[in-house]
Amino acid sequence: MTQALARILAETIREQGPISVADYMAAALGHPEHGYYTGHDPFGLGGDFTTAPEISQMFGELIGLWCLLAWQAMGSPERLVLAEIGPGRGTLMADLLRAAQIRPPFAAALTVVLVETSPALRNRQAQTLAEHKIAWVERVEDLPPGPLLVVANELFDALPIRQFERRGGLWHERRIGLDPDGGFVFVAGPQTDRTDLPAEADDGAIVEIGEAGLALAGWLGQRVADTSGAALIVDYGHQSGGIGDTFQAVRRHRYHPVLRDPGHVDLTAHVDFARLAAAARRAGARVDGPVSQGLFLSRMGLEERARMLMQMATPEQAAALAAGARRLIDPGEMGTLFRVLALASPSLPMLSALDVPQGSSPP
Numbered sequence: 020m021t022q023a024l025a026r027i028l029a030e031t032i033r034e035q036g037p038i039s040v041a042d043y044m045a046a047a048l049g050h051p052e053h054g055y056y057t058g059h060d061p062f063g064l065g066g067d068f069t070t071a072p073e074i075s076q077m078f079g080e081l082i083g084l085w086c087l088l089a090w091q092a093m094g095s096p097e098r099l100v101l102a103e104i105g106p107g108r109g110t111l112m113a114d115l116l117r118a119a120q121i122r123p124p125f126a127a128a129l130t131v132v133l134v135e136t137s138p139a140l141r142n143r144q145a146q147t148l149a150e151h152k153i154a155w156v157e158r159v160e161d162l163p164p165g166p167l168l169v170v171a172n173e174l175f176d177a178l179p180i181r182q183f184e185r186r187g188g189l190w191h192e193r194r195i196g197l198d199p200d201g202g203f204v205f206v207a208g209p210q211t212d213r214t215d216l217p218a219e220a221d222d223g224a225i226v227e228i229g230e231a232g233l234a235l236a237g238w239l240g241q242r243v244a245d246t247s248g249a250a251l252i253v254d255y256g257h258q259s260g261g262i263g264d265t266f267q268a269v270r271r272h273r274y275h276p277v278l279r280d281p282g283h284v285d286l287t288a289h290v291d292f293a294r295l296a297a298a299a300r301r302a303g304a305r306v307d308g309p310v311s312q313g314l315f316l317s318r319m320g321l322e323e324r325a326r327m328l329m330q331m332a333t334p335e336q337a338a339a340l341a342a343g344a345r346r347l348i349d350p351g352e353m354g355t356l357f358r359v360l361a362l363a364s365p366s367l368p369m370l371s372a373l374d375v376p377q378g379s380s381p382p
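In C-alpha cells, the structure reads:
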C-alpha cells in the first residue's frame, strides 16, 4: 500500500484493531486531507461517475418546477431558504434556478445555500453559479431559519453504512482488518444485540444500516415539521429494507475492488428508503413516495419539456436530448433503480408527482 490514506488506515487498524465499514467509508470519502471528495472533482465523463444533472439539463429544470410547486403549496412565502446538500459541480442548482425564473416572485424569494465540505467542489460550484448569489455552509445545522426547501440528489448513497453479518445464528458487526500481507480484508467483529436486525436469516446474510443517513433524515424531518418546508431526496436503493451486500466502489465508470485504493475511488451503498421514511416520520414529517425516478420525471413533464427543447435544437442536439431523457426514465437505465422521496410539513398538501401508484404501498 503506497497511498497516504491507506497507510493511515492500516496504522489505525494495527494500533486499535479492525474498524467498522462506516469508519472506513467515512475516512475514504471525507478525510480532510486525503478523502475522495476533498481534493478533486469526480463527476462527468472525465471523472469516475455521471449523475442525472450531468446527463440532461431537464433533470434540474424539473426539480426546479417541483420546488416552485412546493413553494406555492407552502403559501408562497416572501422569503424561502433553498438548500442543496451535496451539490456536486452545482449543475443541478444552475438548472433549477434557470427554471425558477418562470415565476419571478419565486426566484426573488430564494436564499440559496449549498451544504458542502469539499474545498475543491466549492470552487467548482462557485464557477458554475457565478451569476447567482450563493452561500455555503458545511453542516445542515447551520442552514438559516425559516421556510425551507431541500434537494439531495445522490447524497444518501455516499453516507457511511455499518454492515452486520449472520454467523452461527447470531449477528456480528462486519469490520475491516488486515491480511498477512497488510491488505485490507473483511473480518467478523463482535456479536451485536441490536433489535433492528432480522430475527431469522441464513448464515452469511448481510444487513446494512446507514446510521448517518437515518440521522440526517430525522433532522430534516424535524426541521420541516417544525417550520414550513419540504425535502426532496433522489437516490438509488431499496423500496424497503432487505438483506444483501451493496457496498461498492467505482473508478473511471467501472466497478473497482471495494477495499482497494481508499481515497481514490467512489464508495456507495444502496439507500434503504423504508428506514429513511420511518426516521423522518418519527421526527414528525409527512412522507410522500417513494416513487421511481422515471415515474416522477414523467409526471413532472419530462417528455413535454424534451419536445419543447428539441423544436429549437439541431439534429445532433435533438438526438442528445432524446438520449438523455431516455437514460433518466427508461426502466433499463435510471428509471426504476433511482427513487424519489419527499419529507414535508404535515400541514402541506400532497406534493406534486409523489403519490404512490395504486397497488403499491409506501414504506
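Take any residue in the sequence shown, count from 1 to its spot, add 19: that is its number in this note's numbering.
Yeah, the Cβ is synthetic: ideal placement off N, Cα and C, and Gly gets one too.
Take the alpha-carbon of Thr147 and the one of Leu101: they are about 17 Å apart. Rounded to the nearest whole angstrom, the CA to CA distance from Gly165 to Glu97 is 11 Å. Taking the Cα of Leu316 as reference, the smallest distance to any Cα among His50, Ser75, Met44, Phe205 is reached at Ser75. DSSP, read as helix, strand or coil, puts Asp245 in helix. Thr333 and Asp264 have their alpha carbons spaced roughly 45 Å apart. In this structure, DSSP gives Ser317 a helical state, which the three-state scheme calls helix.
Annotation for Phe292: the continuous alpha helix (DSSP H) segment containing it runs 292–301.
Rounded to whole angstroms, Trp90 and Val131 show a C-alpha spacing of 14 Å. The closest CA to that of Thr110, considering only Ile38, Pro309, Glu73, Ala154, is found on Glu73.
Nearest C-alpha to Phe183 among Ala296, Ile121, Phe266, Glu160: Phe266. Looking at the backbone, the Cα of Tyr55 and that of Ser259 are separated by about 29 Å. Using a Cβ distance threshold of 8 Å, Ala234 and Met319 do not count as a contacting pair. In this model, Arg141 and Ala113 are separated by some 14 Å (Cα to Cα). By the Cβ test, the region 330–344 is not in contact with the region 33–47, since fewer than three Cβ pairs between them sit closer than 8 Å. Remark: C-beta atoms of Phe292 and His257 approach each other more closely than 8 Å.
The alpha helix (DSSP H) runs lying completely inside the region 30–56 and spanning 4 residues or more are 40–49, given in chain order. Rounded to the nearest whole angstrom, the CA to CA distance from Gly343 to Ile104 is 24 Å.
Close CB contacts of Thr246 within its chain, under the 8 Å cut and outside five residues either way in sequence, are with Pro164, Gly165, Pro166, Leu167, Ser364 (chain order).
Going by beta carbons, Pro309 and Arg358 fall inside the 8 Å limit.
One thing to note: Glu192 has its Cβ within 8 Å of the Cβ of Thr211. Per DSSP, the beta bridge partners of Leu133 are Glu103, Trp155.
No Cβ-Cβ contact shorter than 8 Å links Leu197 with Ala23.
When only Cα atoms are considered, Asp285 and Pro124 end up about 39 Å apart.
Taking the Cα positions, Tyr43 is about 10 Å away from Ile32. Residue burial annotation: Ala127 is exposed, with fewer than 16 other C-beta atoms found within 10 angstroms of its C-beta. When secondary structure is reduced to three states using DSSP, Gly237 falls in the helix class. Within the DSSP bridge table, the entry for Trp85 names no partner.
Annotation: the continuous alpha helix (DSSP H) that includes Ala119 extends over 110–119.
Between His53 and Gly282 the beta-carbon gap is near 5 Å, inside 8 Å, which marks them as a contact.
Apart from the 5 residues on each side of it in sequence, Glu157 sits with its Cβ closer than 6 Å to the Cβ of Thr136 in its chain, given in chain order.
By the neighbour-count definition (other C-beta atoms within 10 Å, threshold 16), Arg294 is a buried residue.
The Cβ atoms of Gln312 and Leu347 sit closer than 8 Å to each other.
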